[in-house]
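Quick mapping for you: the protein sequence lines, in order, are chains A and B. To convert, note that position 10 of the first sequence is 12 in my numbering; the numbers rise steadily by one, no gaps. To convert, note that position 84 of the second sequence is 92 in my numbering; the numbers rise steadily by one, no gaps. Note that the Cβ used here is the ideal one computed from N, Cα and C, for glycine as well.
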Amino acid sequence: DAGVIQSPRHEVTEMGQEVTLRCKPISGHNSLFWYRQTMMRGLELLIYFNNNVPIDDSGMPEDRFSAKMPNASFSTLKIQPSEPRDSAVYFCASSLPAGAGTQYFGPGTRLLVL
Amino acid sequence: DAKTTQPTSMDCAEGRAANLPCNHSTISGNEYVYWYRQIHSQGPQYIIHGLKNNETNEMASLIITEDRKSSTLILPHATLRDTAVYYCIVRVPEWDMRFGAGTRLTVKP
């Protein structure tokens, strides 16, 4: 099993540009999570999908952030427009149906907004 | 959510057992104890979890006290590659997993 796949691994962009982060969950997992990690705030849950449906997006910082899961094998996290304070490592994780609990994380996307 | 308290940092000699404590005095009856670790620049890695009984897998052992107010993660023979931040998380097995600051374990030769 390839595990959770994220792309790109590194992204450098300028303030105001649109950024799209991508995630492919582990096959058979139907729960998907987006996290953000910074030195100041640690690991924060942004949004959670179950069966491709967003269940809770209360962690999404503001309207500039949006996430989609068009099918069971793909999700995107989009930031438009990006700001320097969005610089962080963004992790995607997946798990079996809610109740089993164990989340498996991808390698992360390191985003730098100049 | 039950909160956890972990030491900020710990050292361990290579080849010795690493015992990482976690206090979770407000844990509820249906909340599990999960342990993850994060090696520098990598995504968090699942280690082990338990509810009441002690658990063991190929990576570690989890000892949960009888009153469930604290637990200890044991790495039986620590190696340099076990140097990481270790997170103790208490949760119902649902989506809401909140990471604290964790314990930074340094394994020294």
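Nearest-angstrom beta carbon gap, residue j and residue i [assumed within contact, 8 angstroms]
i, j, result
"ASN27(B)", "THR87(B)", "Their Cβ separation, rounded to whole angstroms, is 15 angstroms, which puts ASN27(B) and THR87(B) out of contact at 8 angstroms."
"ASN31(B)", "THR16(B)", "Incorrect: roughly 13 angstroms between the Cβ atoms, too far for contact."
"ASP90(B)", "VAL115(B)", "5 angstroms"
"PHE103(A)", "SER96(A)", "One point to set straight first is that residue 103(A) is Gly, not Phe, in the sequence displayed. That belief does not hold up - the Cβ atoms of GLY103(A) and SER96(A) are roughly 12 angstroms apart, past 8 angstroms."
"GLN39(A)", "LEU45(A)", "5 angstroms"
Cross-chain neighbours of residue i in chain A, by beta carbon under 9 angstroms
i, result
"GLN50(B)", "PHE107, PRO109 and GLY110"
"TYR54(B)", "THR104, GLN105, TYR106 and PHE107"
"ALA109(B)", "GLY44"
Beta-carbon contacts of residue i that lie in its chain and below 7 angstroms, excluding the five residues immediately before and after
i, result
"ALA92(B)", "ARG45, GLN46, ILE47 and LEU113"
"GLY110(B)", "GLN14, VAL93, TYR94 and TYR95"
"LYS113(A)", "As written in the sequence, residue 113(A) is Leu, which differs from the Lys given in the question. So the list reads GLU13, VAL21, ASP88, SER89, ALA90 and TYR92, once near-sequence residues are dropped."
"PHE107(B)", "TYR95 and ILE97"
"GLY61(A)", "GLU46, LEU47, LEU48 and ILE49"
Neighbouring residues, chain A, relative to residue i (Cβ below 8 angstroms)
i, result
"TYR40(B)", "GLY103"
"HIS57(B)", "GLY103 and THR104"
"MET18(B)", "The contacting residues do not exist; MET18(B) stays about 18 angstroms from chain A at best."
Close-in-space but distant-in-sequence residues of the same chain around residue i (CB under 6 angstroms, 5 per side omitted)
i, result
"HIS57(B)", "TYR40 and TYR42"
"CYS25(A)", "GLN8, SER77 and CYS94"
"PRO29(B)", "THR80"
"ARG77(B)", "The sequence shown places Lys at residue 77(B), rather than the Arg named in the question. Same-chain partners within the cutoff: SER33."
Cut-off 8 angstroms between Cβ atoms - residues of its own chain near residue i, not counting five sequence neighbours on either side
i, result
"MET105(B)", "TYR42, ILE97 and ARG99"
"LEU116(A)", "VAL14, THR15, GLU16, MET17 and PRO86"
"ARG24(B)", "HIS85 and ALA86"
"ASN62(B)", "SER69, LEU70, ILE71 and ILE72"
### Message
I'd like to know if the stretch 79 to 88 of chain A and the stretch 62 to 70 of chain A are in contact, where contact means that at least 3 CB-CB pairs between them fall below 8 angstroms.
### Response
Yes, the stretch 79 to 88 of chain A is in contact with the stretch 62 to 70 of chain A.
### Query
Quick one, which residues of the stretch 37 to 50 of chain A are near chain B if we go by CB-CB under 9 angstroms, in chain order?
So the list reads TYR37, GLN39, GLY44, LEU45, GLU46, LEU47 and TYR50, given in the order they occur along the chain.
### Message
Short of 9 angstroms Cβ to Cβ, which residues in the stretch 64 to 81 of chain A face chain B?
### Response
Of all residues in the stretch 64 to 81 of chain A, none places a beta-carbon less than 9 angstroms from a beta-carbon of chain B.
### Message
Beta carbons nearer than 7 angstroms to chain A: which residues of the stretch 60 to 90 of chain B have them?
### Response
Residues passing the 7 angstroms Cβ filter: none.
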